[in-house]
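See structure below.
2 protein chains.
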Amino acid sequence: MGTVTAPWKQLLLNALQSNSHLRHSSYLQFATIGSNGRPANRTVVFRGFADTSNKIQINTDCRSHKIEDLKQCPFAEICWYFTDSWEQFRINGKVDVIDGSNPDPMKLQQREKAWFASSPKSRLQYLGPTPGLPSLGDQSSEVPTSLDPSAGPVSAYCLLLLDPDQVDYVNLKSNERLAFSRKNINEESCWSSDRVNP
Amino acid sequence: MGTVTAPWKQLLLNALQSNSHLRHSSYLQFATIGSNGRPANRTVVFRGFADTSNKIQINTDCRSHKIEDLKQCPFAEICWYFTDSWEQFRINGKVDVIDGSNPDPMKLQQREKAWFASSPKSRLQYLGPTPGLPSLGDQSSEVPTSLDPSAGPVSAYCLLLLDPDQVDYVNLKSNERLAFSRKNINEESCWSSDRVNP
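Protein chains in written order, with full-length UniProt numbering: chain A, 1 to 198; chain B, 1 to 198.
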């Protein structure tokens with residue numbers, strides 16, 4: 001299936017570029033539907049696009065609630081606000097959850113690549129206790145302080161790939177808003193864009 | 001029904017204080033369940049707590065999609081990341097949608113109070129064309145450039161009141177995480193808090 005570079009992708013790359021002096025410019029809010037039927041929303045870090053595709057990579061812990069959420073409803077919406085350029089991207093799509101048990105060798109390779117692309121320090125957090133569970137006193141002794149840099153992904157590490165099919169872009173400086181949506185025609189993806197009222 | 005000041009409220013007020021030099025410190029991401037059954041997520045502005053309660057005030061346009069969303073599922077989750085102090089608040093609760101047709105005089109009064117608390121410039125946007133609809137060329141001539149400052153809320157103005165019942169707090173500097181949850185016992189609200197793994 002052919003991949004067409006989405007028209008919103010260049011806008012997003014420009015926003016990343018013009019806000020790159022801010023550490024938090026790669027932080028975005030990732031909303032899912034919780035297993036209790038309520039919305040859930042948390043900050044995650046953008047880990048780039050998968051190869052040359054439009055798919056957004058996010059690292060997460062297999063033991064976090066969002067994994068359960070995505071098993072029940074595989075859709076998510078990213079809200080990404082750039083604090084310096086006053087631009088907002090709302091990116092909606094289906095999420096592929098890639099853990100170590102994935103049967104597809106290509107996907108396991110993507111997961112391994114993303115693991116090695118993350119810093120040794122951020123890899124360590126997957127060896128800590130289960131996120132969200134009650135903290136049993138001082139567990140710092142249980143968390144290893146180093147990890148062999150050549151060791152592959154640990155079992156708790158999970159790669160999320162969000163495949164956008166709707167993007168809403170707002171520029172609060174120019175007061176412009178664009179709505180992008182993807183249609184699949186004969187195995188080809190095609191994006192339309194419309195100017196809408198802010 | 002008695003209102004107990006929630007233990008997370010002071011943490012939030014401290015975070016607002018320590019990040020107040022940043023214009024975007026009052027911006028938060030508000031997730032709902034869209035009418036298509038997918039998550040929806042957008043940036044909104046914190047407009048303070050309603051009087052002395054724990055309820056969070058947000059201004060919105062009656063014609064925006066989130067109003068439809070909240071009619072079908074009245075729950076929302078706020079994700080609020082403070083970029084200077086590295087603190088995140090995830091605030092989940094039921095949302096009361098207060099528009100001009102609300103039958104409760106007390107709520108209409110709250111709506112009016114919130115309207116006058118917002119700047120004359122921000123009031124003007126409720127007189128613009130319907131947000132999200134296709135933009136029909138240059139409509140700047142249709143949007144009034146001033147509004148009588150003593151005029152009450154226009155029909156498109158809506159006040160949202162989120163009544164928190166679960167709050168998840170993470171401090172990325174100290175690596176601490178606290179889970180707060182509300183229980184109602186004999187008409188009294190009571191909050192529990194637990195240290196959980198980050």
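Where a beta carbon is used, it is the ideal one built from N, C-alpha and C, also for glycine.
Minimum Cβ-Cβ distance from residue i to chain C less than 9 Å
i	result
E68(A)	The structure shown contains no chain C; the protein chains it does contain are A and B.
Beta-carbon contacts of residue i that lie in its chain and below 6 Å, excluding the five residues immediately before and after
i	result
M1(B)	With a pLDDT of 46 at M1(B), under the threshold of 50, the modelled position of that residue is not reliable, and the figure given next carries that caveat. So the qualifying residues of the chain are E187.
R177(A)	V170, V196 and P198
G128(B)	V143
D168(B)	R90 and A179
Burial state of residue i, where buried means 16 or more other Cβ atoms lie within 10 Å
i	result
V143(B)	exposed
K55(A)	buried
P134(A)	exposed
V4(B)	exposed
Q10(B)	exposed
P153(A)	buried
P105(B)	exposed
F75(B)	buried
T32(B)	buried
G93(A)	buried
P39(A)	buried
Close Cβ partners of residue i (< 8 Å) along its chain, the five nearest in sequence each way excluded
i	result
H24(B)	T83
S118(A)	R47 and N59
Three-state secondary structure (DSSP) of residue i
i	result
S26(B)	helix
L108(B)	helix
K173(A)	coil
E68(B)	helix
L162(A)	strand
P149(A)	coil
A15(B)	helix
L178(A)	strand
K9(B)	helix
K55(B)	coil
S122(A)	helix
W80(A)	strand
L75(A)	Before going on, a small fix: residue 75(A) reads as Phe here, not Leu. Here F75(A) sits in strand by DSSP.
residue 209(A)	Beyond the ends of chain A as shown, which are 1 and 198, falls residue 209(A); an answer cannot be given.
W86(B)	coil
A156(B)	coil
Selected residue, minimal CA-CA separation from residue i, among the options
i	options	result
I91(B)	D51(B), D104(B) and W8(B)	W8(B)
S53(B)	F89(B), I185(B) and S189(B)	S189(B)
M174(B)	D163(B), Q88(B), Y27(B) and C79(B)	The sequence shown places Ser at residue 174(B), rather than the Met named in the question. With distances taken between Cα atoms, S174(B) lies closest to Q88(B).
N19(A)	Y81(A), R47(A) and A40(A)	Y81(A)
S35(A)	Q72(A), S101(A) and A117(A)	Q72(A)
W86(A)	F30(A), R42(A), G137(A) and N14(A)	N14(A)
V79(B)	V154(B), R182(B), K183(B) and P164(B)	Rather than Val, the amino acid found at residue 79(B) in this sequence is Cys. Closest option to C79(B), Cα to Cα, is P164(B).
S193(A)	K183(A), A179(A) and N184(A)	A179(A)
G132(A)	D51(A), C62(A), P149(A) and L16(A)	C62(A)
S26(B)	Q57(B), R38(B), D51(B) and G37(B)	Q57(B)
I67(B)	R123(B), D168(B), F30(B) and A6(B)	F30(B)
S64(B)	A50(B), R42(B) and L147(B)	R42(B)
P120(B)	V45(B), P103(B) and A151(B)	A151(B)
Min CB distance residue i to chain A below 9 Å
i	result
S192(B)	no
R112(B)	This sequence places Glu at residue 112(B); Arg is not what is there. So no, E112(B) is outside the interface.
S18(B)	no
C73(B)	yes
V196(B)	yes
Y81(B)	yes
P144(B)	no
F30(B)	yes
G2(B)	Annotation note: pLDDT 49 at G2(B) (below 50); position unreliable, no value reported.
A179(B)	yes
P129(B)	yes
Q88(B)	yes
A156(B)	no
Any C-beta of chain B under 9 Å from that of residue i
i	result
H21(A)	no
L133(A)	yes
I58(A)	no
P39(A)	yes
R42(A)	yes
N92(A)	yes
P7(A)	no
A15(A)	no
Y27(A)	yes
Close-in-space but distant-in-sequence residues of the same chain around residue i (CB under 7 Å, 5 per side omitted)
i	result
I98(A)	K107, Q110, R111, C158, L159 and L161
G100(A)	P153 and S155
K113(A)	none
Y126(B)	D61, V154, A156 and Y157
heavy atom of the ligand HEM below 8 Å from residue i C-beta
i	result
Q109(A)	Absence of the ligand HEM from the depicted structure is noted, as is the absence of any ligand whatsoever, leaving it without description.
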